[in-house]
Amino acid sequence: MAVSQSDLDALTSAIANGEKSVRMSDGRWVEYHSPGDLIKARDYLIGIKTREDAAAAGTSRVRAVKLYHGGRGY
Numbered sequence: 004m005a006v007s008q009s010d011l012d013a014l015t016s017a018i019a020n021g022e023k024s025v026r027m028s029d030g031r032w033v034e035y036h037s038p039g040d041l042i043k044a045r046d047y048l049i050g051i052k053t054r055e056d057a058a059a060a061g062t063s064r065v066r067a068v069k070l071y072h073g074g075r076g077y
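Here's what the structure looks like:
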């Protein structure tokens, strides 16, 4: 599934206006249960678009894991 910027813009606009249904760029209407679901869908699509853009550019996302141990030192 290719994610377009217009899909992200439609979701962002729906969140800002308090709407529950969104028309996607391929003509589909999608209705969500709550504004929280809209935000989750937008964040998910942003992640997909970021990965698609990185793959098209031939780069990958750098993953960093930071560990911290706050226990005793022995």
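Counting from 1 along the sequence shown, just add 3 to a position and that's the residue number in our numbering.
All C-beta atoms in this analysis are idealised placements derived from N, C-alpha and C, irrespective of residue type, glycine included.
{"Query": "Pull up the distance between the alpha-carbon of Gly74 and that of Ala67, whole angstroms please.", "Result": "22 Å"}
{"Query": "Measuring alpha carbon to alpha carbon, tell me which of Thr62, Thr53, Ile18 and Lys43 ends up nearest Val6.", "Result": "Thr53"}
{"Query": "Can you tell me where the alpha helix (DSSP H) holding Ser9 begins and where it ends?", "Result": "Gln8 to Asn20"}
{"Query": "Note down the Cα distance separating Ser63 from Ala57, rounded to an integer number of angstroms.", "Result": "6 Å"}
{"Query": "Roughly how many angstroms separate the alpha carbons of Leu22 and Ile42, rounded to a whole number?", "Result": "Contrary to the premise, residue 22 reads as Glu rather than Leu in this sequence. Distance between the alpha carbons of Glu22 and Ile42: 12 Å."}
{"Query": "Does DSSP put Arg45 in a helix, a strand or coil?", "Result": "helix"}
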